[in-house]
Structure formats: structure tokens, C-alpha cells
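In this text, residue positions in the sequence shown follow the working numbering: the first is 777, and each later residue adds one. We put the CB at the ideal spot given by N, CA and C, even for glycine. Below is one structure, written out as C-alpha cells; comments come after it.
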Amino acid sequence: MSDKPLDLEEQYNNRAAVPDHPVVMARWKTDAEAARAAHPPTALPYGPGQRNVIDLFEVAPDAPVVVFLHGGYWQALDRSWFSWIAAAFLQHGVSVAIPSYDLAPTVRLGRIVGQMRDAVELVRARIGKRPVVFGHSAGGHMAACMLSEARASAAVAISGVFDLEPLVPTSLNVALGLDAREAAALSPVHWPVPNGSTPGGTVLDCVVGAAETAEFVRQSKDMADLWGGKGVDTRFEALPGLNHFTVLDPLADPDSALVRRIVELAKA
777 MSDKPLDLEE
787 QYNNRAAVPD
797 HPVVMARWKT
807 DAEAARAAHP
817 PTALPYGPGQ
827 RNVIDLFEVA
837 PDAPVVVFLH
847 GGYWQALDRS
857 WFSWIAAAFL
867 QHGVSVAIPS
877 YDLAPTVRLG
887 RIVGQMRDAV
897 ELVRARIGKR
907 PVVFGHSAGG
917 HMAACMLSEA
927 RASAAVAISG
937 VFDLEPLVPT
947 SLNVALGLDA
957 REAAALSPVH
967 WPVPNGSTPG
977 GTVLDCVVGA
987 AETAEFVRQS
997 KDMADLWGGK
1007 GVDTRFEALP
1017 GLNHFTVLDP
1027 LADPDSALVR
1037 RIVELAKA
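Rendered as C-alpha cells:
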């Protein structure tokens, strides 16, 4: 076993770890534009800012709704990159809500989490029940936060970051400006466990690409083990051959196990 200290920059800088990420992201953008043309979303403002808007891809007014929270380390991207995710769920009769949020360093991370509270609560008010919330990377972190706060009926965190303290010494923190205390306070590993003592859901799936860095795999496994040991119905799965960007590929396939799992949770 090596005694070499872990290089946190190497472990958490996903764009550096996946040199061909621009190719994958270009595909996201192209597919998103096609999805928006095929099924134009309804824009739902949930706050006063230009980015405080949800794109709702609706099957029917009474259809179940899932909420997708996008990644980008809370400092990049917006809802328009991920419209393509809606297509597979629409085929199953499930509507999809995709909010944007303000980005660091313009706002603090705590404010971004607060904006996602507002977005999820708007969806909840619209459909009359807690929605399933799923998200990627930073969005996986916030999906777990929404479950902890009893705002979701279930959460699926894809490549989530549940303990933010390892980010503090990395370049990812330049925009976030977290110190150890704030990082700990915003880490769902330290938040209340949704074990049935609150009205929300108690299901958390932690999904990660098996080809991601060791730290991302560890974070998902540790989160599933931690909350699972405290009464949450957790699942951990490492998807073979997928990295931090291609881990979203199954969401384009209506027959994928990941899509079918989220649909199952939405229709429960």
C-alpha cells in the first residue's frame, strides 16, 4: 500500500481528469437544443433573478414530476445544457423540472442551496407533493440536501460531493471561497438523516462512474454507508466504464436502469 498523500486537486478537478470532456459537453449542448425544439419547456420563475427560473418539460398537468439539479461545481453551466435529460422521462409519462441557479463567486454556496430549496418548493406546491430530486456532481450534493430537509420524496445523487472539506485546498475553491467551517456546515454528511422521523422520503441512491477518481467513488460509497447505517434506504452503484461526464449518458436512454429507477421512484 502506498503512503503517498492523496492529491486532492487531481482527485476533484474533473475537467483535468477527463481531457476529452469538451467533446461530451458539446454533445450535451447539441442534444439540449434539439430537445428544446422538440418539446419546448415552460419557464417557471422561482425567484427574482434572471437565473432563478425552472424549465418544466411537462407531459400532462397531473403527471409525476422529477427535479434535476445540474452540476458545474456551483460555478458553471445552467439549465439549458441539460434539456436533453427530459426526453427519456417524457417517454415514461414523467415530467422533468430543471432549474438554473446563481453561480459562485457572485453568490455564496449557502445561497445557492437556498435557491434550490425555493425551486423544489415551487414544484412541490405545483404538484401537491414532494418530488423526486436527482442531480449530478454539485447537483448530487444538493439533491441529498433536499432529502435531508424533507423536501424530496426520494433522491438520486449522481457523482455527488457530500463532504466539501476536501475541496478547500483545491483550485475549485477559488470561486467558492469556503473555509473548513463553512465547508463542514454545508456538507450533507453532517446534516440530519432522513430516517423516517421527518415527513419526507427516506430513499437515497448514490450512483457514480466506476472510471471516476477514487475520491468520487469513495464519497458516494461513504455517503450510502453512512446514511444507510442510520435508517435511510440507500443504494450504491458504480457504473462500469463511465467517467464524471459520461456517467450521465444513461439518462439519454429510456430503457436504462438509471432512468427506470428514477421513474419507479417518481411513480411510487
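Can you say whether residue 831 is buried or exposed, counting buried as having 16 or more other CB atoms within 10 angstroms of its CB? Buried, because 16 or more other Cβ atoms sit within 10 Å of the Cβ of residue 831.
Taking 8 Å as the cut-off, decide whether the C-beta atoms of residue 872 and residue 899 are in contact. Not in contact: residue 872 and residue 899 (Cβ atoms no closer than 8 Å).
Between the C-alpha atoms of residue 853 and residue 891, what's the straight-line distance to the nearest angstrom? Our two residues, residue 853 and residue 891, have alpha carbons roughly 15 Å apart in a direct line.
When we look at the beta-carbon of residue 973 and count the other beta-carbons within 10 Å, is it buried (16 or more) or exposed? Counting every other CB atom within 10 Å of its CB across the protein chains shown gives residue 973 a total below 16, marking it as exposed.
Against chain D, does residue 983 count as a neighbour if the rule is that its beta carbon must be under 8 Å from one of theirs? The chain inventory of the structure shown lacks chain D, comprising one protein chain alone.
Looking only at its chain, what residues have a beta carbon closer than 6 Å to the beta carbon of residue 809, apart from the 5 residues adjacent to it on each side? Counting only Cβ-Cβ distances below 6 Å, and skipping sequence neighbours, we find nothing.
Residue 827, enclosing beta strand (DSSP E) - first and last residue: Premise fails: residue 827 is in no beta strand (DSSP E) and is neither H nor E.
Does DSSP classify residue 1025 as helix, strand or coil? Residue 1025 falls in the helix class under three-state DSSP.
Note the first and the last residue of the continuous beta strand (DSSP E) segment covering residue 872. Run containing residue 872: 871 to 875, per the beta strand (DSSP E) assignment.
Which whole runs of the beta strand (DSSP E) in the region 843 to 901 are 3 residues long or more, in chain order? Listed in chain order, they are 871 to 875.
Which whole-angstrom value is the C-beta distance of residue 785 and residue 947, which I expect to be below 8 Å? Approximately 6 Å separates the beta-carbon atoms of residue 785 and residue 947; this is inside 8 Å, confirming the contact.
Measure the alpha-carbon distance for residue 882 versus residue 911 and round it to whole angstroms. Rounded to the nearest angstrom, the two C-alpha atoms are 22 Å apart.
Enumerate in chain order the residues of its own chain whose CB-to-CB distance from residue 992 is below 7 Å, with the five nearest sequence positions on each side excluded. So the qualifying residues of the chain are 935, 984, 1020.
State the start and end residues of the unbroken beta strand (DSSP E) segment that holds residue 1014. That run of the beta strand (DSSP E) goes 1009 to 1015.
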